[in-house]
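Asker: Handing you a structure now.
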Amino acid sequence: MISGNFGDEDELFFEIELIAADGFQLPVEALFDTGFSWWLAINNQDLEALDWIYVEQQTMLTAQGNAEFDIYLGKVRIDGQEFDIPVHVGEGVSEVLLGRQWLKTRRLVVDMPSRVLTLENR
């Protein structure tokens, strides 16, 4: 189980680690985005230090219209577990985004009154 926190506007944030090709671990706060249907999205500037492997390019519909994303094979650590996942990399991604794919392997528990937020193994 990984605990998260609420942002100023009740956004859902979780701390995860991005793992570079050389093993360097970068802790980041990731925004859980229910509008993003994949695993993880990052800004192209964040990619430089990670040296992940390029896979392909994909056009996606975003709130601003169609956008091009480069897909990289990335490695992340969530709740002590490492995952090799496709990562969407694009311009203008303002936060590291966790997408809905995590809900296939994890259960999201949100308790607004007590401000408790967890992402649990299924």
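Residue 567 in this note's numbering sits at position 46 of the sequence shown; the count goes up by one each step and never skips. Even for Gly, the Cβ is constructed at its ideal location relative to N, Cα and C. Given the structure is predicted, the values throughout are model-derived calculations rather than measurements.
#1: Starting from the C-beta of residue 577, find all residues in its chain whose C-beta is less than 7 angstroms away, skip the five residues before and the five after it, and write them out in chain order.
#2: Using 10 angstroms around the beta-carbon of residue 551, count the other beta-carbons present and answer buried if the total reaches 16, otherwise exposed.
#3: Taking the CB atoms as reference points, tell me whether residue 523 and residue 560 lie closer together than 7 angstroms.
#4: Compute the distance between the beta-carbons of residue 645 and residue 599, then report whether it is under 7 angstroms.
#5: Residue 613: which of 583, 629, 620, 549 sits nearest, CA to CA?
#6: Distance check for residue 590 and residue 609, CA to CA, integer angstroms please.
#7: Buried or exposed for residue 545, please, with buried defined as at least 16 other CB atoms from any protein chain shown within 10 angstroms of its CB.
#8: Reducing DSSP to helix, strand and coil, say where residue 585 ends up.
#9: Would you kindly work out how many angstroms separate the C-alpha atoms of residue 525 and residue 639, rounded to a whole number?
#10: Work out the CA separation of residue 604 and residue 597 for me, nearest whole Å.
Answerer: To lay it out plainly:
#1: Same-chain partners within the cutoff: 592.
#2: Classification for residue 551: buried.
#3: Not a contact, by the Cβ cut-off of 7 angstroms.
#4: Nothing in the structure corresponds to residue 645, since the chain is present only between 522 and 643.
#5: With distances taken between Cα atoms, residue 613 lies closest to 583.
#6: Roughly 6 angstroms separates the two Cα atoms.
#7: Classification of residue 545: exposed, given that the 10 Å Cβ count is below 16.
#8: Residue 585 falls in the coil class under three-state DSSP.
#9: Their Cα atoms are separated by approximately 6 angstroms.
#10: Taking the Cα positions, residue 597 is about 5 angstroms away from residue 604.
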